[in-house]
Amino acid sequence: MKVSEFLNQKPLFYKEIDVLRMPRAYSLIREKIKMPPVIHIIGTNGKGSTGRFLAHTLLKRGYTVGHYTSPHILKFNERIWINGSDVDDETLERIHQKLQSLLPKEVINSLSYFEYTTFLAALAFEGLDFVIMEAGLGGEFDATNVFDKKISLVTTIDKDHQSFLGDTIKEIATTKLNSIQKEAIIGRQIHDKIEDVVLKLKAEGKKIYKYLDFFSPEEIKDLQKGFKFAKFLFPNYLLAMSFLKKEGIPFSIKDVEDLALKGRFEEIEKDLWIDVGHNPLAASEIVKNLPKKVNLVYNTYADKDYEEILKILKPKIKKLYLIEVENDRIEEPGKIKEAARKLGIEVEEFRGIKKPMLVFGSFSVVEKFLKEYNAGKSL
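Okay, so the sequence shown: first residue is 1402 according to our numbering, each after it adds one.
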């Protein structure tokens, strides 16, 4: 069975966490996978951009590098990036067949979509100089946490996925930061409670650094001058570069001049932005960076705090255009419309582009919009 058919049969995650499933599976193939040094990225927002800033810069500096990210926007191959390109179909099929031969059938059948994909990435990254593994959900119980880590980079932590990670910032931070193995660099944070968890880890002997400690104020100013991306992504860039600073690897802001960050407040044409953000923190950053009021193309998963998200976005919304998304996790349209109308936001069905326009709400929303956009249906 081909990899695409095989993965389509699997659940993305399991609602009931089995903390031993991935370690058990990895123990069977650990000696058969030559895993490069792993840079583990954990946090709530900014994992994808942080990982890509780092991967792209390492590549520019002559290193071979892999970046495992999720979810994808248009094609599964986006999840496994090797030396500047998404994994090709032939390589993906080859490592799928190899993994099928390495693990017993009952173990393979027990793995979720994300767990199996994590092992595919590990096989694809064999022999590289560095691997950047982005956690999918949480940290200590995430599939990516089975690998030995050179260091962890921690992006901004906020509330999200509470049904899995806990209802408080301390609970969420604890389950994420418990994945730190030896060392970590903490990026920009907005909650004081996270420091309590950091202090506990330091007391256990973990080496924890703060990203800004690696830069002088003058260096930061110089880097900001050449930073072409949205301002809210700059702390993610500094977090990525703090690892290079620690390792003594030189870099320049020019290294990312040709980098395209897909779906990260990306202006795909004049006054048309797409962003894969899906939580209140992302909405807050978008509001700060939008230069004008926009028509919002939106939909959301049922487990997201969309009332709060729309409340945050409201000052920059002209009208909400609800785009249809085929996904079992998507909220009922009537509930989103009711939440918007309570806030005084006018709602219509999405029928086409009406600029200025922002597409926001999830990877699935951006995927649906881009498929129509690329096919010319929304023009």
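We put the CB at the ideal spot given by N, CA and C, even for glycine. Please read these numbers as outputs of a predicted model, since none were measured by experiment.
Between the C-alpha atoms of Glu1432 and Asp1489, what's the straight-line distance to the nearest angstrom? So the alpha carbons of these two residues sit roughly 26 Å apart.
Kindly indicate which three-state DSSP category Ile1573 falls into: helix, strand or coil? In the structure shown, Ile1573 sits in a helix (DSSP, three-state: H, G or I).
Helix, strand or coil for Lys1403 per DSSP? Coil.
Does the segment 1441-1453 come close enough to the segment 1502-1516 to have 3 or more Cβ pairs within less than 8 Å? No, the segment 1441-1453 does not touch the segment 1502-1516.
Taking only three categories from DSSP, how would you classify Met1423? Helix.
CB Val1748 to CB Lys1738, shorter than 7 Å? Yes.
Which runs of the beta strand (DSSP E) fall wholly inside the segment 1599-1623 and span at least 3 residues, in chain order? Qualifying beta strand (DSSP E) stretches, in chain order: 1608-1611.
Between which two residues does the beta strand (DSSP E) harbouring Tyr1774 extend? Looking at the DSSP string, Tyr1774 is not in any beta strand (DSSP E); the run it does join, the alpha helix (DSSP H), is Phe1764 to Asn1775.
Leaving out five residues on either side along the sequence, give the residues of the same chain with a beta carbon under 6 Å from the beta carbon of Gly1467. Once the five neighbours on either side are set aside, the close Cβ partners of Gly1467 are Ile1483, Phe1526, Leu1529 and Val1532.
Starting from Ser1643, trace the alpha helix (DSSP H) in both directions and tell me its first and last residue. Segment Phe1635 to Glu1648, the alpha helix (DSSP H) holding Ser1643.
Just to check my reading of the structure: Val1555 and Ile1587 have Cβ atoms closer than 8 Å, yes? What is that Cβ distance to the nearest angstrom? Under the criterion of beta carbons closer than 8 Å, Val1555 and Ile1587 qualify as touching, at roughly 5 Å.
Could you check where the alpha helix (DSSP H) with Tyr1707 kicks off and where it finishes? Looking at the DSSP string, the run of the alpha helix (DSSP H) that includes Tyr1707 is Tyr1707 to Leu1714.
Counted within 10 angstroms of its Cβ, other Cβ atoms place Pro1505 as buried (16 or more) or exposed: Classification of Pro1505: exposed, given that the 10 Å Cβ count is below 16.
Candidates Ala1523, Tyr1612, Pro1651 and Ile1581: which alpha carbon is nearest Val1598's? Taking only the C-alpha atoms, the option nearest Val1598 is Ile1581.
Sequence-distant residues of its chain with Cβ nearer than 7 Å to Val1767 (five each side left out): Taken in chain order, the residues that qualify are Ile1474, Gly1664, Ile1675, Val1677 and Val1760.
How would you label Ser1779, buried or exposed, when you count the other beta carbons within 10 angstroms and need 16 or more for buried? Because Ser1779 carries a pLDDT of 49, less than 50, the predicted location of this residue cannot be relied on, and no value is offered for it.
By how many angstroms is the C-alpha of Asn1478 removed from the C-alpha of Thr1465? One alpha carbon belongs to Thr1465, the other to Asn1478, and they sit about 18 Å apart.
If we call anything under 7 Å between Cβ atoms a contact, is Ala1631 one with Asn1690? Yes, Cβ-Cβ distance for Ala1631 and Asn1690 is below 7 Å.
Going by other Cβ atoms of all chains shown within 10 Å of its Cβ, with 16 needed for buried, is Glu1686 buried or exposed? Flag for Glu1686 reads buried.
Would you mind sorting Ile1710 into buried or exposed? The rule is 16 or more other CB atoms within 10 Å of its CB. Burial call: buried.
Endpoints, the beta strand (DSSP E) within which Ile1440 is located: Note, Ile1440: beta strand (DSSP E), Val1439 to Ile1443.
Ends of the alpha helix (DSSP H) at Phe1520? Taken as a continuous stretch (DSSP letters only), the alpha helix (DSSP H) holding Phe1520 covers Tyr1514 to Ala1525.
Between which two residues does the beta strand (DSSP E) holding Asn1696 run? Note, Asn1696: beta strand (DSSP E), Val1695 to Tyr1699.
Using C-beta distances below 6 Å, list every residue in its chain close to Lys1607, excluding the 5 sequence neighbours before and after it, in chain order. Within the same chain, Lys1607 has close Cβ partners Ile1581.
Look at the Cβ atom of Ile1731, then the Cβ atom of Lys1769, and state whether they are nearer than 7 Å. Contact annotation: Ile1731 and Lys1769 have beta-carbon atoms that are not nearer than 7 Å.
Taking Cβ positions, are Leu1640 and Tyr1612 nearer each other than 7 Å? Their beta carbons are under 7 Å apart, which means Leu1640 touches Tyr1612 by this criterion.
Name the DSSP beta bridge partners of Ser1685, please? Paired residues: none, contrary to the question.
DSSP has Ala1740 in a bridge; who is on the other side? Answer is none; Ala1740 lacks a bridge partner.
So Lys1755 and Asn1700 are supposed to be a Cβ contact under 8 Å. How far apart are they, rounded? About 17 Å separates the Cβ atoms of Lys1755 and Asn1700, ruling out a contact at the 8 Å cut-off.
Just to confirm, is the Cβ distance from Val1508 to Pro1424 under 7 Å? In this structure, Pro1424 does not lie closer than 7 Å to Val1508 by Cβ.
Could you give the uninterrupted runs of the alpha helix (DSSP H) lying entirely in the segment 1452-1498, keeping only those of 4 residues or more? Segments of the alpha helix (DSSP H) lying fully in the segment 1452-1498: there are none.
Hey, how far is the Cα of Arg1453 from the Cα of Tyr1610? For Arg1453 and Tyr1610, the distance between alpha carbons rounds to 21 Å.
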